[in-house]
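Trainee: Residue numbers (my numbering): 736 to 951.
A virtual CB, placed ideally from N, CA and C, is assigned to each residue, including glycine.
Quick one: structure below, then a few questions.
Listed below in structure tokens is the structure:
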């Protein structure tokens with residue numbers, strides 16, 4: 736555990752191993768191993784976290800905001816190495832500038848049959864970021880925690896069929912929903928940053944979002 740991270744990350748580090756895993760996200764046998772990087776930094780607008788937006792042309796998770804990440808390759812030395820490699824490839828994050836804080840409990844993505852290890856890091860020496868693969872990543876953004884916890888940026892989303900799907904965030908011209916929003920909500924809770932918001936505000940997922948999601 737690094738000692739260089741700021742004190743505002745202390746509670747998150749203490750609580751990270753106790754983040755609950757909902758039944759729908761409990762790992763299943765035979766799922767492929769993957770990792771994502773939850774990268775905390777201090778940007779011009781205060782403490783923030785790095786998010787990407789998948790390219791609309793992808794066959795899987797097209798157009799969806801996400802943490803940098805992907806499948807763990809045979810040459811990777813586990814989830815930490817994979818998460819750092821993916822952040823470099825997708826967003827230009829220099830691995831040498833990241834101090835790993837911890838790994839979170841493994842989560843299962845039934846849609847793509849992956850078991851995902853979230854890796855949390857402190858961006859000790861931020862590097863310039865930009866989409867690394869234009870055909871895979873459309874946008875990279877440092878999203879301030881203050882924007883994420885602003886009640887005005889929170890909403891519950893549902894499928895037009897009426898199925899309630901979960902929390903979402905409207906930040907930096909992105910609608911963050913699904914797995915990423917669920918994990919982000921737990922991260923904000925663990926860090927003690929979350930604020931009360933109106934969970935009765937429910938919106939249908941936009942048709943263009945559903946059309947992109949249906950590709951996978």
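The beta strand (DSSP E) that contains residue 977, what's its start and end?
Mentor: Any answer about residue 977 is impossible in this case: the structure gives the chain only from 736 up to 951.
Trainee: Assign residue 919 to one of three DSSP states: helix, strand, or coil.
Mentor: What you label residue 919 is simply residue 184 of the chain shown in a count that begins at 1. Helix at residue 919.
Trainee: State the beta-bridge partners of residue 773 as determined by DSSP.
Mentor: Position 38 of the chain shown, counted from the start, is the residue given in the question as residue 773. Paired residues: 855.
Trainee: Please report how far the alpha carbon of residue 923 lies from the alpha carbon of residue 841, in whole angstroms.
Mentor: Counting from 1 along the chain shown, the entry for residue 923 is found at position 188. Counting from 1 along the chain shown, the entry for residue 841 is found at position 106. Their backbone Cα atoms lie some 17 Å apart in a straight line.
Trainee: Distance, Cα to Cα, residue 850 vs residue 778?
Mentor: One-based indexing of the chain shown puts residue 850 at position 115. One-based indexing of the chain shown puts residue 778 at position 43. Rounded to whole angstroms, residue 850 to residue 778 spans 31 Å at the Cα level.
Trainee: Between residue 876 and residue 907, how many whole angstroms is the CB-CB distance? I'm expecting something under 8 Å.
Mentor: For the purposes of this step, residue 876 is taken as the residue at position 141 of the chain shown. For the purposes of this step, residue 907 is taken as the residue at position 172 of the chain shown. 5 Å between Cβ atoms; contact.
Trainee: Run through DSSP, which three-state label would residue 759 get?
Mentor: Indexing the chain shown from 1 puts residue 759 at position 24. Here residue 759 sits in helix by DSSP.
Trainee: Put residue 930 into one of helix, strand or coil per three-state DSSP.
Mentor: Translated into positions along the chain shown, residue 930 becomes position 195. Three-state result, residue 930: coil.
Trainee: Closest to residue 788 by C-alpha separation, out of 833, 867 and 934, would be which residue?
Mentor: The residue you call residue 788 lines up with position 53 of the chain shown. The option with the nearest alpha carbon to residue 788 is 867.
Trainee: Using the three-state DSSP reduction, which class does residue 818 fall into: helix, strand or coil?
Mentor: Against the chain shown, residue 818 aligns to sequence position 83. Helix, per DSSP.
Trainee: Going by alpha carbons, who is nearest to residue 904 out of 821, 786, 757 and 854?
Mentor: The sequence position of residue 904 within the chain shown is 169, counting from 1. Ranking 821, 786, 757 and 854 by Cα distance to residue 904 puts 786 first.
Trainee: Using C-beta distances below 8 Å, list every residue in its chain close to residue 862, excluding the 5 sequence neighbours before and after it, in chain order.
Mentor: In the chain shown, counting from the first residue as 1, residue 862 sits at position 127. So the list reads 827, 828, 829 and 832, once near-sequence residues are dropped.
Trainee: Considering only their Cβ atoms, is the gap separating residue 839 from residue 896 smaller than 9 Å?
Mentor: For the purposes of this step, residue 896 is taken as residue 161 along the chain shown, with counting starting at 1. For the purposes of this step, residue 839 is taken as residue 104 along the chain shown, with counting starting at 1. No, the pair does not count as a contact, with Cβ atoms beyond the cut-off.
Trainee: To which residues of the same chain is residue 912 closer than 6 Å at the C-beta, ignoring the five residues directly before and after it?
Mentor: The count along the chain shown starts at 1 and reaches residue 912 at position 177. Counting only Cβ-Cβ distances below 6 Å, and skipping sequence neighbours, we find 892 and 903.
Trainee: Within 10 angstroms of the Cβ of residue 942, are there 16 or more other Cβ atoms? Answer buried if so, exposed if not.
Mentor: Within the chain shown, numbered from 1, the residue matching residue 942 stands at position 207. Burial call: exposed.
Trainee: Using the Cβ count rule (16 or more neighbours within 10 Å means buried), how would you classify residue 783?
Mentor: Along the chain shown, one-based indexing puts residue 783 at 48. Buried, since its Cβ has 16 or more Cβ neighbours within 10 Å.
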